[in-house]
Amino acid sequence: GPSWDPLPRLTELAADGPVAVFPLVHGPLGEDGTLQGLLELADVPYVGSGVLGSALAMDKLAAREVLAHHGIPQARYRGLHADRLDEPGSAGHRALLEELLADLGPSVFVKPANLGSSVGVSQASDPASLEIALATAAGYDEWIVVEEAVSGREIELAVLGDRVPQVSGPGEIRPGDAFYSYADKYETDAAELIDDPDLDPETVVGFQELAARAFIALRCSGMARVDFFLADDGRMLVNEVNTIPGFTSISMYPRLWLKAGLSYGGLIDQLVDLAVERHARRRRNTTR
């Protein structure tokens, strides 16, 4: 390990008994592997995915490329660097806008690749609104994801475990806006969270299998909430994998496990146990 102590307060606590950290910091630096790397340096058990799984899941473009490699269905998408937006109004810029809408339209969502909580996300359906949406996303990240707007339902499943994960039953989000926006998540009560959506058993099993496959493909551990679209044409499409899902008593992740018979306290106990087990396993395989 390092010759310096990156987290001295944790070292003091550990002197009195076992310590595990439960990261609940959303977004860049907290959810993207940075905080997890600090905890690795401190040699402290922590809940949730490691550095690689956290970084992969946080980067929407990298995650999509990994999921595509594993044959996991997603909405059609394109990734691009903000450098391609340097000449607004040029013939090349106009051609890019038209190309994106032709490939993915008639309506698309534009997202910063490395951000959460729907920050910087816009919907566009013509070159003018797409230009604004791309500029908005580029204000948050240099990498941008443009994806088809899927008409359908938003389904979420909770995943718990490590190498052989358990998957909950499904929940459904009914946004109060055109999509599940930042305002829906944090500022209003407009969105409706349903923990017993009307889905046939075969569809539920299909979602559970895809959630487990996505969790494993992205090298996740401990916990994740896997968000899907159930398209009007019946396609089950992975939208995102969230390695630090909302964890209040009314958040979808603990609600889904409560419906499955696992209490809030029991869920925390299992996650801490998984963190301690993974840390012990890594210590056996690592020279420190």
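Following our numbering, the numbering of the sequence shown begins with -8 at its first residue and continues without gaps. Idealized CB from N, CA, C, for every residue including glycine.
Worksheet item: How should E231 be labelled, buried or exposed, when 16 other C-beta atoms within 10 angstroms of its C-beta is the threshold for buried?
Response: By the 10 Å Cβ count, E231 comes out buried.
Item to complete: Quick one: measure Cβ to Cβ for L184 and W248, integer angstroms, because I've assumed they're closer than 8 Å.
Response: Wrong, their Cβ atoms sit about 14 Å apart, outside the cutoff.
Discussion item. If we define contact as Cβ-Cβ less than 7 Å, is L106 a contact residue for chain D?
Written reply: No chain D appears in the structure shown, which is made up of a single protein chain.
Worksheet item: On the premise that P188 lies in contact with S162, defined as a C-beta separation below 8 Å, what is that separation, rounded to the nearest angstrom?
Response: In the sequence as presented, Ser is not what sits at residue 162; that position holds Gly. Going by Cβ atoms, the distance from G162 to P188 rounds to 7 Å, so yes, they are a contact pair.
Worksheet item: So what does DSSP say about D34, is it helix, strand or coil?
Response: coil
Worksheet item: Going by other Cβ atoms of all chains shown within 10 Å of its Cβ, with 16 needed for buried, is N233 buried or exposed?
Response: N233 is buried by the Cβ-count criterion.
Worksheet item: Alpha carbon to alpha carbon, what distance is there between A82 and T194?
Response: 46 Å
Worksheet item: Going by beta carbon distance, what residues of the same chain come within less than 6 Å of A174, once the five residues before and after it are set aside?
Response: Its pLDDT being 48, under 50, A174 is placed unreliably by the model, and the measurement read from it follows with that caveat. Correct list: empty, nothing qualifies.
Discussion item. I'd like the span of the beta strand (DSSP E) that includes G152, first residue to last.
Written reply: Segment G143 to G152, the beta strand (DSSP E) holding G152.
Worksheet item: Can you list the beta strand (DSSP E) stretches of 3 or more residues lying completely in the stretch 72 to 116, in chain order?
Response: 99 to 103 and 113 to 115
Discussion item. Are the CB atoms of A140 and V292 within a distance shorter than 7 Å?
Written reply: Nothing about residue 292 can be reported from this structure: the residues present for the chain run from -8 to 279 only.
Fill in: P236, buried or exposed, once every other Cβ within 10 Å from all chains shown has been counted against 16
buried
Worksheet entry | Spatial distance of I63 from R0 (CA atoms) | Their backbone Cα atoms lie some 42 Å apart in a straight line.
Fill in: Cβ distance (whole Å) where S212 is taken to contact G28 below 8 Å
Not a contact, Cβ separation roughly 15 Å.
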